[in-house]
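Student:
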Amino acid sequence: MTSAVTSPAARWRNPSVVPGFGLSLGFTLFYLSAIVLIPLAALVIRPWSAGFDGFWHVATDHRVVAALRLSFGASAIAAGLNAVFGLVVAWVLVRYRFPGKALLDALVDLPFALPTAVAGIALSTLYAPQGWLGEPLSHLGIKVAYTPLGVVVALTFIGLPFVVRTLQPVLAELSQEAEEAAATLGATRFQTIWRVVLPALLPSLVTGTTMAFARAVGEYGSVIFIAGNLPAISEIAPLLIIIKLEQFDYAGAATIGVIMLAASFVLLLALNFLQNWAASRR
Amino acid sequence: MNNARNNRGATQDHPLTRVALSLIAIGVIGLFLVLPLAMVFSQALAKGLAAAIDAIGEPDALAAVRLTLLVALIAVPLNALFGISASWAITKFDFWGKQFLTTLIDLPFSVSPVVSGLIYVLIFGLQGWFGPELREHGIKIIFALPGIVLATMFVTFPFVARELIPLMTDQGREEEEAAASLGASGFQTFLRVTLPNIKWGLLYGILLCNARAMGEFGAVSVVSGHIRGLTNTMPLHVEVLYNDYQFVGAFAVASLLALLAIVTLVLKSFLEWRYADEIAATHRH
Numbered sequence: 001m002t003s004a005v006t007s008p009a010a011r012w013r014n015p016s017v018v019p020g021f022g023l024s025l026g027f028t029l030f031y032l033s034a035i036v037l038i039p040l041a042a043l044v045i046r047p048w049s050a051g052f053d054g055f056w057h058v059a060t061d062h063r064v065v066a067a068l069r070l071s072f073g074a075s076a077i078a079a080g081l082n083a084v085f086g087l088v089v090a091w092v093l094v095r096y097r098f099p100g101k102a103l104l105d106a107l108v109d110l111p112f113a114l115p116t117a118v119a120g121i122a123l124s125t126l127y128a129p130q131g132w133l134g135e136p137l138s139h140l141g142i143k144v145a146y147t148p149l150g151v152v153v154a155l156t157f158i159g160l161p162f163v164v165r166t167l168q169p170v171l172a173e174l175s176q177e178a179e180e181a182a183a184t185l186g187a188t189r190f191q192t193i194w195r196v197v198l199p200a201l202l203p204s205l206v207t208g209t210t211m212a213f214a215r216a217v218g219e220y221g222s223v224i225f226i227a228g229n230l231p232a233i234s235e236i237a238p239l240l241i242i243i244k245l246e247q248f249d250y251a252g253a254a255t256i257g258v259i260m261l262a263a264s265f266v267l268l269l270a271l272n273f274l275q276n277w278a279a280s281r282r
Numbered sequence: 283m284n285n286a287r288n289n290r291g292a293t294q295d296h297p298l299t300r301v302a303l304s305l306i307a308i309g310v311i312g313l314f315l316v317l318p319l320a321m322v323f324s325q326a327l328a329k330g331l332a333a334a335i336d337a338i339g340e341p342d343a344l345a346a347v348r349l350t351l352l353v354a355l356i357a358v359p360l361n362a363l364f365g366i367s368a369s370w371a372i373t374k375f376d377f378w379g380k381q382f383l384t385t386l387i388d389l390p391f392s393v394s395p396v397v398s399g400l401i402y403v404l405i406f407g408l409q410g411w412f413g414p415e416l417r418e419h420g421i422k423i424i425f426a427l428p429g430i431v432l433a434t435m436f437v438t439f440p441f442v443a444r445e446l447i448p449l450m451t452d453q454g455r456e457e458e459e460a461a462a463s464l465g466a467s468g469f470q471t472f473l474r475v476t477l478p479n480i481k482w483g484l485l486y487g488i489l490l491c492n493a494r495a496m497g498e499f500g501a502v503s504v505v506s507g508h509i510r511g512l513t514n515t516m517p518l519h520v521e522v523l524y525n526d527y528q529f530v531g532a533f534a535v536a537s538l539l540a541l542l543a544i545v546t547l548v549l550k551s552f553l554e555w556r557y558a559d560e561i562a563a564t565h566r567h
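Here the protein sequences line up with chains A and B, keeping their order. Under the working numbering, think of the first position of the first sequence as 1, with each following residue one higher. Under the working numbering, think of the first position of the second sequence as 283, with each following residue one higher.
Listed below in structure tokens is the structure:
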């Protein structure tokens with residue numbers, strides 16, 4: 001009986017006494033479509049003007065492949081470094097008490113807050129051959145600025161907070177009872193960490209590391225100043241998009257853009273899956 | 283006694299481990315995060331405070347500051363309005379596809395900044411969808427203010443919504459339902475019931491949105507055209523000066539942006555500390 005009097009809209013939503021459904025959802029969908037969805041659609045359909053062959057020709061070009069390999073490879077290395085350092089930083093911030101800890105904790109967000117171009121010129125000057133860190137490193141025979149290693153350094157810088165901030169709440173909630181039980185049963189500290197604590201942290205560690213990786217793949221501002229940008233050596237994929245745009249090669253730029261967008265989608269799906277996994281393991 | 287000591291040994295780190303791990307953590311944060319920040323100010327003041335102030339007072343630099351403020355002044359309120367609207371729709375009602383909509387709102391965070399700029403060039407650029415028509419009517423979007431605003435809106439799109447959605451989900455809808463049954467209009471309900479509950483969370487989202495809007499580089503770089511004194515925002519002006527080997531100028535303008543970052547972090551920490559219960563528990567960025 002009730003279904004006969006409800007409006008068609010009520011079939012896909014539950015009735016509510018709170019007003020404003022039409023207005024708020026309408027504005028949300030309009031704004032989302034105008035700013036995000038339609039522009040992204042414009043990107044996705046652009047590279048196919050010369051058919052699949054045209055897309056494939058650009059995607060397998062030596063310089064494009066090298067740039068994609070650098071972007072993904074350096075991001076993977078940076079994410080790996082962040083997993084290790086992020087775990088240590090999160091552990092220290094959650095488990096230990098020492099003066100200045102609150103300040104240290106707030107500073108972890110610096111890469112989120114500092115504009116990427118500022119981070120870029122600062123890192124570049126820091127690791128340049130005459131820089132504060134570049135000079136001592138050059139005596140050890142390590143060149144950071146203007147090499148692929150510089151790309152890794154910049155990507156590690158911007159990715160660190162993702163791992164720390166994902167681990168912190170989980171680590172804080174982790175019950176110490178499990179550790180006590182392990183201890184009572186005769187486990188050493190190392191065994192307790194390796195077999196009790198780390199498995200419990202694994203889902204969020206993987207989630208945070210994937211977030212750091214996803215951010216690093218698309219990163220531009222903090223990288224281009226320190227990278228040196230030599231074609232096929234230290235040229236990242238986002239920079240190659242800009243170079244192709246400057247040559248008015250819209251289809252070429254869109255081809256690289258679509259590949260990176262596809263990678264973002266895969267990573268977003270992976271993250272959704274990981275977060276569900278992490279939530280189920282809590 | 284022996285047992286108790288063993289227990290502590292297996293549930294707490296060895297003192298040497300504690301010292302070693304603490305030193306690594308302080309080293310990572312100090313060398314890796316704080317040193318670049320120190321570098322910015324040190325380079326800005328390399329030729330004295332007067333030189334740095336002169337560099338900021340230069341007309342092109344001032345134009346960049348004005349443009350950055352103007353862009354944030356347009357993009358941030360619009361995204362805040364969207365964030366409120368989206369979180370109202372998503373948290374106060376149940377409808378089909380809600381989860382998918384929430385994922386779509388987060389999408390811009392997964393897209394490379396350069397791709398975020400590229401999409402608008404493909405629509406409004408000279409060889410874009412509307413390029414020829416726009417040119418005919420003398421309307422400039424790319425290499426002009428509208429393009430910069432659009433790119434900034436895209437990259438800062440999710441900030442307010444993703445702060446408000448978990449917060450308003452936690453708060454439920456009983457209060458709004460009560461207000462509505464007592465005869466309040468939607469606008470009254472929002473202003474008198476919802477807004478007081480979410481104001482600190484809203485401010486938190488706006489704070490992060492604004493920091494990113496003023497500091498965005500990659501997306502804006504694609505659509506700006508780098509016209510000095512005209513379409514250069516502060517981060518772009520930093521790039522132009524740096525590539526011109528005008529290091530004092532570049533780092534002087536950069537230090538303004540670094541100050542913005544520091545102020546943002548201080549306010550953010552304050553909000554997290556003072557209003558912890560009134561902002562969302564999940565702070566993934």
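No residue lacks a Cβ here, since even glycine has one placed at the ideal position from N, Cα and C.
What residues in its chain sit with their C-beta under 8 Å from that of residue 6 of chain A, if we drop five residues either side in the sequence?
Tutor: Below a pLDDT of 50, predicted positions are generally treated as unreliable, and residue 6 of chain A, at 49, falls in that range; the measurement from the model is reported next regardless. Contacts found: 15.
Student: Below 7 Å CB to CB, which residues in the same chain sit around residue 43 of chain A once its five sequence neighbours on both sides are set aside?
Tutor: 254, 257, 258, 261
Student: Work out the CA separation of residue 355 of chain B and residue 550 of chain B for me, nearest whole Å.
Tutor: 20 Å
Student: Among the residues of its own chain, which have a CB less than 6 Å from the CB of residue 554 of chain B, if the five just before and after it don't count?
Tutor: If we look at residue 554 of chain B and ignore the five residues flanking it on each side, it has no Cβ neighbours.
Student: Secondary structure at residue 425 of chain B, three-state DSSP: helix, strand or coil?
Tutor: If DSSP states are grouped into helix, strand and coil, residue 425 of chain B belongs with coil.
Student: Check the Cβ of residue 318 of chain B against every Cβ in chain A and list those closer than 8 Å, keeping chain order.
Tutor: 114, 119, 122, 123, 126, 157
Student: Are the C-beta atoms of residue 421 of chain B and some chain A residue less than 7 Å apart?
Tutor: no
Student: With distances taken from CA atoms, which of A/270, A/225, A/134, A/206 is nearest residue 81 of chain A?
Tutor: A/206
Student: Need the endpoints of the alpha helix (DSSP H) that residue 14 of chain A sits in, please.
Tutor: Element bounds for residue 14 of chain A: n/a, residue is neither H nor E.
Student: Going by the beta-carbon positions, is the gap between residue 39 of chain A and residue 402 of chain B smaller than 7 Å?
Tutor: Yes, Cβ-Cβ distance for residue 39 of chain A and residue 402 of chain B is below 7 Å.
Student: Consult DSSP for residue 382 of chain B and reduce its assignment to one of helix, strand or coil.
Tutor: helix
Student: Hey, residue 92 of chain A and residue 168 of chain A: beta-carbon distance below 7 Å or not?
Tutor: no
Student: Taking only the alpha-carbon atoms, compute the straight-line gap between residue 404 of chain B and residue 249 of chain A and give it to the nearest angstrom.
Tutor: 11 Å
Student: Would residue 24 of chain A pass as a contact of residue 482 of chain B if the rule is Cβ separation under 7 Å?
Tutor: Contact: no.
Student: Please compile the residues from chain B whose C-beta is within a distance smaller than 7 Å of the C-beta of residue 176 of chain A.
Tutor: 293
Student: Which whole-angstrom value is the C-beta distance of residue 153 of chain A and residue 114 of chain A, which I expect to be below 8 Å?
Tutor: No, residue 153 of chain A and residue 114 of chain A are not in contact; Cβ-Cβ is about 15 Å, not under 8 Å.
Student: Apply the 10 Å Cβ neighbour rule to residue 296 of chain B and answer buried if 16 or more other Cβ atoms are within range, or exposed otherwise.
Tutor: exposed
Student: Can you pull the chain B residues whose beta carbon is under 7 Å from the beta carbon of residue 150 of chain A, in chain order?
Tutor: The contacting residues do not exist; residue 150 of chain A stays about 13 Å from chain B at best.
Student: Does the beta carbon of residue 552 of chain B come closer than 7 Å to any beta carbon on chain A?
Tutor: At least 7 Å separates the CB of residue 552 of chain B from every CB of chain A.
Student: Taking the alpha-carbon positions, what's the residue 426 of chain B to residue 120 of chain A distance?
Tutor: Across the structure, residue 426 of chain B and residue 120 of chain A are spaced so that their CA atoms are roughly 25 Å apart.
Student: If residue 158 of chain A sits next to residue 111 of chain A, beta carbons under 8 Å apart, how far is it from one beta carbon to the other, in whole angstroms?
Tutor: 5 Å
Student: Buried or exposed: residue 283 of chain A, going by 16 or more other Cβ atoms within 10 Å of its Cβ?
Tutor: There is no way to answer for residue 283 of chain A, as the model of chain A reaches only from 1 to 282.
Student: Is residue 433 of chain B closer than 7 Å to residue 505 of chain B when the C-beta atoms are compared?
Tutor: yes
Student: Any chance you could list the alpha helix (DSSP H) runs of at least 4 consecutive residues sitting entirely within the region 75 to 138 of chain A, in chain order?
Tutor: 101 to 107, 110 to 113, 116 to 127
Student: Decide if the region 52 to 64 of chain A is in contact with the region 408 to 419 of chain B; the criterion is three or more beta carbon pairs, one per stretch, under 8 Å apart.
Tutor: The answer is no - the region 408 to 419 of chain B does not touch the region 52 to 64 of chain A, with fewer than three Cβ pairs under 8 Å.
Student: Using a Cβ-Cβ distance cut-off of 7 Å, determine whether residue 19 of chain A contacts chain B.
Tutor: yes
Student: For residue 31 of chain A, go through chain B and note every residue whose CB falls closer than 7 Å to its CB, in chain order.
Tutor: 364
Student: Checking contacts by CB at 7 Å: is residue 45 of chain A closer than that to chain B?
Tutor: No, because no Cβ of chain B sits closer than 7 Å to the Cβ of residue 45 of chain A.
Student: Contact between the region 100 to 111 of chain A and the region 238 to 247 of chain A is defined here as three or more beta-carbon pairs at a separation below 8 Å; is this criterion met?
Tutor: no
Student: Hey, does residue 557 of chain B have any beta-carbon neighbour from chain A nearer than 7 Å?
Tutor: no
Student: To test your reading of the DSSP string, which unbroken alpha helix (DSSP H) runs of 4 or more residues are found completely within the region 232 to 280 of chain A?
Tutor: 237 to 246
Student: Any contact between the region 530 to 539 of chain B and the region 323 to 336 of chain B? By contact I mean 3 or more CB pairs, one from each, below 8 Å.
Tutor: Contact holds between the region 530 to 539 of chain B and the region 323 to 336 of chain B, because three or more Cβ pairs, one in each stretch, are under 8 Å apart.
Student: Could you tell me which of A/73, A/201, A/251, A/147 sits nearest to residue 58 of chain A, measuring between CA atoms?
Tutor: A/251
Student: Can you name, in chain order, every residue of its own chain whose Cβ lies under 6 Å from the Cβ of residue 436 of chain B, other than the five neighbours on each side?
Tutor: 390, 398
Student: To the nearest angstrom, how far is the alpha carbon of residue 394 of chain B from that of residue 237 of chain A?
Tutor: 10 Å
Student: Grab me the residues of residue 161 of chain A's own chain with a C-beta within less than 6 Å of its C-beta, minus the 5 sequence neighbours each way, in chain order.
Tutor: 108, 109, 111, 112
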